[in-house]
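Enquirer:
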Amino acid sequence: GNSVTQMEGPVTLSEEAFLTINCTYTATGYPSLFWYVQYPGEGLQLLLKATKADDKGSNKGFEATYRKETTSFHLEKGSVQVSDSAVYFCALTYNTNAGKSTFGDGTTLTVKP
Amino acid sequence: KAGVTQTPRYLIKTRGQQVTLSCSPISGHRSVSWYQQTPGQGLQFLFEYFSETQRNKGNFPGRFSGRQFSNSRSEMNVSTLELGDSALYLCASMQQGSTGELFFGEGSRLTVL
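Residue numbers (our numbering), protein chains in the order written: chain Z, 1 to 113; chain L, 114 to 226.
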């Protein structure tokens, strides 16, 4: 079956540090890939997405590139802020099954001033 | 546009009881999915409804059930509650024809004593 593996957390960074959260997936065909973010006490919200190989999703300074050859979708940000502290989830879905997404375990990011 | 609304936000039940959770999707979204979030298992897909029909189902026992109404509002029910059912239950809606991005509610936190 499909699966998503995220780097284990938690991750603690100082403000303005560079962020990478690794995500690899196991799936057949060409799923769409997503990063969601969950702030304390809230549901998940979409951060960015990519729907085909070599696509780069970006939003709020975060980026991730869909790498088919390495089955990866690593999340990066050049300079994190305290407000970026949250839990980040990598996920995949197929358009034909779009209501059913497979999520990674989540990575907790804490940014210290 | 109003977001996904889940009620109740918090509830406490005892073992053996049953519970019903409600979800109102974003206006115009006809797909509603339910996920269980726990610290140990992460985000697990329960089921998805589209136009009042269950379109996808996860690997949960029959104690977990759901339905969708003609206005796209959805309910999920858990019967004969067990301690292990304590979790955050997230509802997500999706626009038909999209690439699978989910819009989540804030969740219903269920505690089973």
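Beta carbons are placed, not taken as given, at the ideal position from N, Cα and C, and that holds for glycine.
Beta carbons nearer than 9 Å to chain Z: which residues of the segment 180-197 of chain L have them?
Expert: The segment 180-197 of chain L vs chain Z, Cβ under 9 Å: nothing.
Enquirer: Should G43 of chain Z be labelled buried (16 or more other beta-carbon atoms within 10 Å of its own) or exposed?
Expert: With 16 or more Cβ atoms within 10 Å of its Cβ, G43 of chain Z is classed as buried.
Enquirer: Leaving out five residues before and five after K126 of chain L in sequence, what residues of the same chain have Cβ atoms less than 6 Å from its Cβ?
Expert: V132, L194, V225, listed in sequence order.
Enquirer: CB-CB under 7 Å to M7 of chain Z, same chain, minus the five flanking residues each way: which ones, in chain order?
Expert: Contacts found: I21, N22, T107.
Enquirer: Can you tell me where the beta strand (DSSP E) holding T133 of chain L begins and where it ends?
Expert: Per DSSP, T133 of chain L belongs to the beta strand (DSSP E) from 132-137.
Enquirer: So if I threshold CB-CB distances at 7 Å, which residues from the segment 36-58 of chain Z count as touching chain L?
Expert: Residues E42, G43, L44, Q45, L46, K49, T51.
Enquirer: Using the Cα positions of I138 of chain L and G78 of chain Z, report the straight-line distance between them to the nearest angstrom.
Expert: Note on residue identity: the sequence assigns Pro, not Ile, to residue 138 of chain L. Straight-line Cα distance between these residues: approximately 35 Å.
Enquirer: Given 8 Å as the limit, is there contact between the segment 43-52 of chain Z and the segment 208-219 of chain L, that is, 3 or more CB pairs closer than that?
Expert: Yes, they touch.
Enquirer: Have a look at T12 of chain Z and R122 of chain L and give me their C-alpha separation to the nearest angstrom.
Expert: Spanning the two alpha carbons is a distance of roughly 30 Å.
Enquirer: Using the Cα positions of D198 of chain L and L223 of chain L, report the straight-line distance between them to the nearest angstrom.
Expert: Taking the straight line joining both Cα atoms gives about 8 Å.
Enquirer: Would a C-beta distance cut-off of 8 Å place K49 of chain Z and G61 of chain Z closer than the cut-off?
Expert: No; because the gap between Cβ atoms is not below 8 Å, this pair is not in contact.
Enquirer: Work out the CA separation of A27 of chain Z and L33 of chain Z for me, nearest whole Å.
Expert: Distance between the alpha carbons of L33 of chain Z and A27 of chain Z is about 11 Å.
Enquirer: Under the three-state reduction of DSSP, which class applies to V111 of chain Z: helix, strand or coil?
Expert: DSSP places V111 of chain Z in strand when its eight states are reduced to three.
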